[in-house]
Each structure stands twice: as structure tokens, then as C-alpha cells.
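Residue 4 is where the sequence shown starts when you use this note's numbering, and the numbers rise one by one after that.
Cβ coordinates follow ideal geometry from the N, Cα and C atoms, glycine included.
All values reported here derive from a predicted model rather than from experimental measurement.
Structure first, commentary second.
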Amino acid sequence: MAAWKLLKFLHLALLGGLLAATAVFYLVPSGVRHDAAPADTMLYVGAGLALTGVLAGQLLLPRVVRGRLSGNTKLSDDPSAWVGAYQTGKLLQWSLIEGPALFLGITHWQTGNQVAIVGAVAWWAYLAYVRPGASELARLIEKDPSRVESALRAEDSRAG
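Dropping the structure here:
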């Protein structure tokens, strides 16, 4: 299925972009004088954003996927609809992870606080961890994992 391959590609593109941005924030000096007080405040804000993003992503992903498929029996048996709903949920989840990671990278760039860049790298690793998977999709739509995997493989072969 082209949508499933696209979802995997989007995940890799987000990882690559975030890695490049984090490297720039770490390697390019900002020219800003580093003060401890704003650094601490920005670090606390970044940590708060990061935790909120992870919690919101974990809570919203199942709601988005099930919400888009509920009430319509045609959609609940259509692999394209499964992937479409899952894609929407994953993009929302990834954006809630990517935003705080970028904020932490900018925090490091502006303040020189090394903890912020460690946080940005940790969030990059978490973004890599929450990659799209057929087993997660099966769990979210409450279908047999082997059925979901075979449907995705069949759609992949049809899409070429």
C-alpha cells in the first residue's frame, strides 16, 4: 500500500530532519551570551513540553485511530482506511514529540546548556522508537495481527 510506505518514509524524513536540526543547534555557535537564569527557565519549559507531548501523544493516538474508524463497518474492514486513520494518529504523535525536541535544541543553542541538547537527542531517540508498526496498528484497531500484516503486504504488492 502506497500509504503504508509513505508513512514509513515520513517517519524517516522526520528523523533525518530532526537529527540535522539538532546537529546544527549543537555545532553552530549562536553568538548569544549565556546566562544561567534563562537557561534554567527554558530547560524547565522544554521538559514540561516534552512530558506533555509524550502523554498527549499516547492518549490521542488510540482516540484518533478508533474515532476515525468507529461507526462505519465499511471502514473498519478496509486496510486503506486503517492506514489512513493510523497515519493521522501517528503524525499527530510525532509532531508532539518533534516540537519539544526542537525546542530543547533551540534552548541549547540560545543558552549553551548541555542538558538541553541531551534532552533533544533523547527525544530524537524516542521518535525513532515510536516508528510505525503493523502490530501497533492491529492493537489499535482491535484486529488479528496476522490479518493486518497480510492485508498490508497484499496492498504493498498491489501498489508496486
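Query raised in the report: In three-state DSSP terms, what is Glu158?
Result: helix
Query raised in the report: What is the DSSP secondary structure of Ser98, reduced to helix, strand or coil?
Result: helix
Query raised in the report: Excluding sequence positions up to five away, which residues of its chain have a Cβ less than 8 angstroms from the Cβ of Ala131?
Result: Leu18
Query raised in the report: CB-CB under 7 angstroms to Ala154, same chain, minus the five flanking residues each way: which ones, in chain order?
Result: Pro82
Requested in this report: Kindly indicate the opening and closing residues of the alpha helix (DSSP H) around Val121.
Outcome: 117-132
Query - As assigned by DSSP and simplified to three states, the class of Gly74 - result: coil
**Report entry** Any 3 or more C-beta pairs closer than 8 angstroms across the region 61-68 and the region 83-96
**Finding:** yes
Query - Residue span of the alpha helix (DSSP H) that contains Ser138, given as start and end - result: 137-144
Query raised in the report: How is the alpha helix (DSSP H) around Val31 delimited, first residue to last?
Result: No alpha helix (DSSP H) contains Val31, which DSSP labels as neither H nor E.
**Report entry** Cα-Cα separation between Ser107 and Ala59, rounded to whole angstroms
**Finding:** It should be pointed out that residue 107 corresponds to Leu in this sequence rather than to Ser. Whole-angstrom Cα-Cα distance: 18 angstroms.
Report task. State buried or exposed for Asn75, treating a residue as buried only when at least 16 other CB atoms are found within 10 Å of its CB. Result -> exposed
Query raised in the report: With DSSP run on the structure shown, which of helix, strand or coil describes Asp80?
Result: coil
**Report entry** Span separating the alpha-carbon of Lys11 from that of Thr55
**Finding:** 25 angstroms
Query raised in the report: Hey, would you say His14 sits closer than 7 angstroms to Pro135, going by beta carbons?
Result: yes
Query raised in the report: Sorted by chain position, which residues of the same chain lie with C-beta nearer than 7 angstroms to Gly49's C-beta, five sequence neighbours on each side aside?
Result: Pro103, Phe106, Leu107, Thr110, Ala119, Gly122
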